[in-house]
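Residue numbers (the working numbering): 127 to 285. Contents: one structure, followed by commentary.
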């Protein structure tokens with residue numbers, strides 16, 4: 127009788143040890159989990175160190191819970207996009223909704239170049255409006271010598 131109980135207890139322990147390993151529970155090392163996580167921006171925390179970032183830990187737990195709940199990778203990604211918009215993803219989508227996100231850097235660059243071009247034209251135009259001292263018409267030669275002497279004295283003070 128004791129041998130039978132030991133055998134049943136031993137068989138029960140073996141079954142309990144085998145069952146958790148035999149289920150399809152997803153973990154951090156699962157390929158499906160890694161595929162989902164590498165697509166999420168995690169509110170800007172995707173590149174932080176996992177051991178110190180509490181936001182990443184929350185995302186990891188949520189994704190594992192969703193995978194173990196039976197959701198597919200696409201459904202998980204879509205649920206985050208529905209909740210946070212395109213900002214949930216590391217890269218914008220390539221459909222119509224992502225065109226704006228892909229195009230904005232180019233629009234910003236073109237606008238910046240246009241603004242700098244207009245500014246340079248304006249500065250260059252003002253530079254041609256200034257006059258040289260050689261172009262000034264002096265009423266008399268004495269006035270010119272006095273001005274040159276004053277300029278020379280001031281120049282000597284500064285240098």
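Beta carbons are placed, not taken as given, at the ideal position from N, Cα and C, and that holds for glycine. Owing to the predicted nature of the structure, the values given are computational and were not obtained by experimental measurement.
query, result
"Start-to-end residues for the alpha helix (DSSP H) that takes in residue 197", "Counting along the chain, residue 197 falls outside any alpha helix (DSSP H), and DSSP gives it neither H nor E."
"Under 9 Å between C-beta atoms of residue 169 and residue 213", "yes"
"Reference residue 199, options 233, 156, 230, 228, closest by Cα", "156"
"Validate contact between the segment 132–141 and the segment 178–191 using beta carbons, cut 8 Å, 3 pairs", "no"
"Close beta carbons around residue 277, own chain, < 6 Å, minus the five adjacent residues each side", "none"
"Beta bridge counterpart(s) of residue 215 as assigned by DSSP", "166"
"Endpoints, the alpha helix (DSSP H) within which residue 284 is located", "267–284"
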